[in-house]
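Visitor: Can you keep this structure in mind? I'll have questions shortly.
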Amino acid sequence: MSQVVTRFAPSPSGYLHIGGARTALFSWLYARHMKGKFVLRIEDTDLARSTQESVDAIFEALEWLGIDWDEGPFFQSERFHIYKEYLEKLADSGQAYYCTCSVEEVEEMRKKATASGGKPKYDGSCREKGRGKTDSAVIRFKSPLMGTTVLEDVVKGNIVFQNQEMDDFIIQRSDGMPTYNFAVVVDDITMGVNTILRGDDHVMNTPKQILLYKALNSPLPTFGHVPMVLGHDRTRLSKRHGAMSVTAYRDMGYLPQAVLNYLVRLGWSFGDQEFFTIEELITKFNIPNLGRSAGVFNPEKLTALNADHIKAMPSEKLALYLIPFLKQKGYPAEEGNYLTGIITTLNTRSKTLIEMAESASFYYVDQLEYDEKAVKKFLKTDILEPLAMLTEKLANAKDLAQETQETLFKEVLETTGIKFGKIAQPVRVALTGKTASPGIFEMIDILGRDRVISRLNHAIKLISGQQSK
RNA sequence: GGUCCCAUCGUCUAGCGGUCUAGGACGCCGGCCUCUCACGCCGGAAACCCGGGUUCGAUUCCCGGUGGGAUCACCA
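In structure tokens:
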């Protein structure tokens with residue numbers, strides 16, 4: 139086969155959701171893997187439901203994910219003249235015909251067919267009447283009355299459809315607009331798309347599209363229908379399943395790499411491997427390893443994968459993703475050693491960037507918020523002496539390298555006779571206001587002498603105050 | 001309801017006739033490590049939907065049932 143050309147063709151009637159992102163990802167990965175092309179097409183023929191906001195939202199989500207396209211974006215709304223041309227081709231060659239039956243009449247036909255136990259479909263009244271073009275006539279495709287149409291699906295295998303199941307479906311509406319099935323086929327043909335990876339929900343459309351390809355005398359593309367993503371209740375994913383837009387995950391502190399990794403593993407596998415970088419996915423992605431059954435979206439696993447990616451990402455790079463969350467909390471965050479230092483102490487303790495930004499609070503805030511219980515439990519008079527001694531030593535040390543700190547602590551422990559555990563928690567509370575935090579030494583190292591001394595002194599003052607009460 | 005698809009631990013999955021007393025991951029439960037919290041490490045509970053075939057032998061192949069999903073528009 140010549141160069142692979144895949145596409146993603148969302149309709150702009152809302153944000154890009156997880157399911158859509160996954161099919162986009164599969165097509166994109168396949169194109170990248172095959173060194174082919176990936177085209178983006180916006181299916182906006184439904185003027186009533188398509189909005190510019192949705193178009194922008196889709197671009198934004200795709201860009202965040204890092205899914206880039208080689209051609210497009212094409213807009214179907216700008217391609218009417220092309221559809222028109224192909225429509226006329228079919229009408230002129232007698233493969234399609236004008237139909238003047240009203241919506242009500244067709245409704246009636248379907249009802250009658252259903253009543254007599256048949257399948258609701260158009261009965262073909264205008265099929266052989268040779269009607270001409272009128273203002274409100276639609277164009278219907280002349281489907282074969284018998285025989286079968288087979289879909290050679292690269293993920294599901296061969297699927298055979300009885301042609302009798304299909305009726306003469308409309309390809310041009312009464313307002314002159316092409317319908318979905320027709321526009322898609324014309325677009326894919328004219329854009330050179332030869333590999334179509336899309337959701338399972340399109341399987342039933344495919345025989346119609348195959349018929350159209352044949353009528354238009356075009357070679358069939360390779361079709362592959364990937365299973366759906368289901369909600370926790372095993373029904374098709376929708377708004378009621380909670381946050382489903384891609385950008386919602388960005389806002390909740392997820393890394394695009396993690397979202398991509400999770401999505402690809404939902405329906406595709408590579409042995410026992412769970413963690414993938416984008417580069418790895420491009421080299422390893424393949425069609426045979428795509429699954430055939432629908433999968434349930436599991437937010438917890440996404441979160442776990444997010445934690446893994448946070449741990450794996452170099453601090454300098456992670457900083458870029460974290461900064462917006464820090465700023466959102468009002469912290470004066472900027473790239474540099476302070477931030478990367480902070481990150482190295484927090485990346486094994488955060489599942490999301492939101493969490494990380496929250497944990498980073500004590501690194502940025504001037505007025506520490508003290509956890510009341512922590513203060514009561516650890517900042518007690520019995521620790522006053524050791525704490526003061528330690529503060530003194532830290533203030534006068536030549537440097538605060540972690541080894542130096544250890545010796546200083548050891549000295550305090552030796553002269554006071556207390557154990558490390560006894561002084562660690564008070565110091566922790568003094569430095570962070572909380573009982574849970576990164577390791578003492580690394581925090582002191584990063585916070586720097588000034589902050590450490592002032593916080594320690596503040597804690598000492600706090601204890602003394604309690605004493606006098 | 002018609003048509004189509006699917007079916008391994010709660011969830012995502014490995015498995016492509018014997019290697020399966022079915023492996024990994026998330027979650028869950030223990031333990032270890034330890035300055036707290038995490039991380040990490042060790043261990044545990046947890047699945048081949050049911051019934052027929054085919055075969056010396058089925059989780060793996062075939063048929064039926066059941067269950068789940070998708071789709072039946074002048075929406076995409």
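To convert, count from 1 in the first sequence and add 138; that's our numbering. Built from N, CA and C at the ideal position, the CB exists for glycine as well.
Tell me the DSSP secondary structure of D583 in three-state form.
Guide: Three-state DSSP puts D583 in a helix.
Visitor: In this structure, what does DSSP give as the bridge partners for Y236?
Guide: Answer is I277, bridged to Y236.
Visitor: What are the complete alpha helix (DSSP H) segments, minimum 4 residues, inside the region 399-430?
Guide: Complete alpha helix (DSSP H) runs here, min 4: 416-422.
Visitor: In angstroms, rounded to a whole number, what distance separates the CA positions of V397 and W202?
Guide: Whole-angstrom Cα-Cα distance: 11 Å.
Visitor: From which residue to which residue does the alpha helix (DSSP H) around K548 run?
Guide: From DSSP, the alpha helix (DSSP H) with K548 extends over Q540 to T554.
Visitor: For a test of the three-state rule: what should DSSP assign to P316, helix, strand or coil?
Guide: Strand, per DSSP.
Visitor: By how many angstroms is the C-alpha of N399 removed from the C-alpha of G268?
Guide: Roughly 55 Å between the two C-alpha positions.
Visitor: Can you say whether F558 is buried or exposed, counting buried as having 16 or more other CB atoms within 10 angstroms of its CB?
Guide: Exposed, since its Cβ has fewer than 16 Cβ neighbours within 10 Å.
Visitor: What residues are listed by DSSP as bridge partners for H363?
Guide: Its beta-bridge partners are R336.
Visitor: Which residue or residues does DSSP assign as beta-bridge partners of N296?
Guide: Per DSSP, E290.
Visitor: Straight-line CA distance for G555 to L506?
Guide: Cα to Cα, the separation comes out at about 30 Å.
Visitor: Grab the span of the beta strand (DSSP E) containing P437 for me, first residue to last.
Guide: From DSSP, P437 is part of no beta strand (DSSP E) but of the alpha helix (DSSP H) over P437 to A450.
Visitor: Express the C-alpha separation of L393 and I591 in angstroms, rounding to a whole number.
Guide: Distance between the alpha carbons of I591 and L393: 36 Å.
Visitor: From what residue to what residue does the alpha helix (DSSP H) around K515 run?
Guide: Run containing K515: E510 to F516, per the alpha helix (DSSP H) assignment.
Visitor: Where does K607 land, buried or exposed, given buried means 16+ other C-beta within 10 angstroms?
Guide: Note on K607: pLDDT 41, under 50, position unreliable in the model; the coordinate value appears next. K607 comes out exposed.
Visitor: Do N301 and V142 have their CB atoms nearer than 8 Å?
Guide: No; because the gap between Cβ atoms is not below 8 Å, this pair is not in contact.
Visitor: Please state if the CB of L368 and the CB of V324 are separated by a distance shorter than 8 Å.
Guide: Cβ distance not < 8 Å, so V324 and L368 don't count as in contact.
Visitor: Between A186, F213, G204 and A234, which has its C-alpha nearest A147's C-alpha?
Guide: Nearest C-alpha to A147: F213.
Visitor: Which residues bound the alpha helix (DSSP H) around V567?
Guide: Unbroken alpha helix (DSSP H) run through V567: F558 to T570.
Visitor: Under 6 Å Cβ to Cβ from Y613, same chain only, skipping five residues before and after it: list those, please.
Guide: Outside the shown range of the chain, which is 139 to 607, sits residue 613, and nothing can be said about it.
Visitor: In chain order, what residues of the same chain have a beta carbon less than 7 Å from the beta carbon of R566, not counting five sequence neighbours either side?
Guide: The answer, listed in chain order, is T573, S575 and I578.
Visitor: Taking L404 as the reference, which of R160, L546, P150 and E523 has the closest Cα?
Guide: Residue R160 is the option with its Cα nearest to L404.
Visitor: If you follow the beta strand (DSSP E) that G210 is part of, which residue opens it and which one closes it?
Guide: G210 -> beta strand (DSSP E) spans E209 to F213.
Visitor: Does DSSP put R187 in a helix, a strand or coil?
Guide: In the structure shown, R187 sits in coil (DSSP, three-state: anything other than H, G, I, E or B).
Visitor: Residue range of the alpha helix (DSSP H) that I461 falls in?
Guide: Element bounds for I461: S453 to Q466.
Visitor: By how many angstroms is the C-alpha of F423 removed from the C-alpha of S488?
Guide: Using only the alpha carbons, I get a separation of about 29 Å.
Visitor: Alpha carbon to alpha carbon, how far is I521 from A535? Give it in angstroms, no decimals.
Guide: The straight-line gap from Cα to Cα measures roughly 21 Å.
Visitor: To which residues of the same chain is E473 closer than 8 Å at the C-beta, ignoring the five residues directly before and after it?
Guide: Excluding positions up to five away in sequence, the list reads E454, A457, L458 and I461.
Visitor: By Cβ distance below 6 Å, which residues in the same chain neighbour A432 in space, the five residues on each side in sequence not counted?
Guide: Correct list, in chain order: P365, M366 and L368.
Visitor: Report the residue from D583, L154, V384 and L419 whose alpha carbon sits nearest the alpha carbon of L477.
Guide: Ranking the options by Cα distance to L477, first place goes to D583.
Visitor: If you draw a straight line from the alpha carbon of S376 to that of D338, how long is it in whole angstroms?
Guide: So the alpha carbons of these two residues sit roughly 15 Å apart.
Visitor: Is the beta carbon of C264 closer than 8 Å to that of Y224?
Guide: Not a contact, by the Cβ cut-off of 8 Å.
Visitor: Does the beta-carbon distance from I571 to Y508 come in below 8 Å?
Guide: For clarity, residue 571 is Gly in the given sequence; the question names Ile instead. Yes, Cβ-Cβ distance for G571 and Y508 is below 8 Å.
Visitor: Flag this pair as yes or no: are the beta carbons of V177 and D206 separated by less than 8 Å?
Guide: Not closer than 8 Å, so no.
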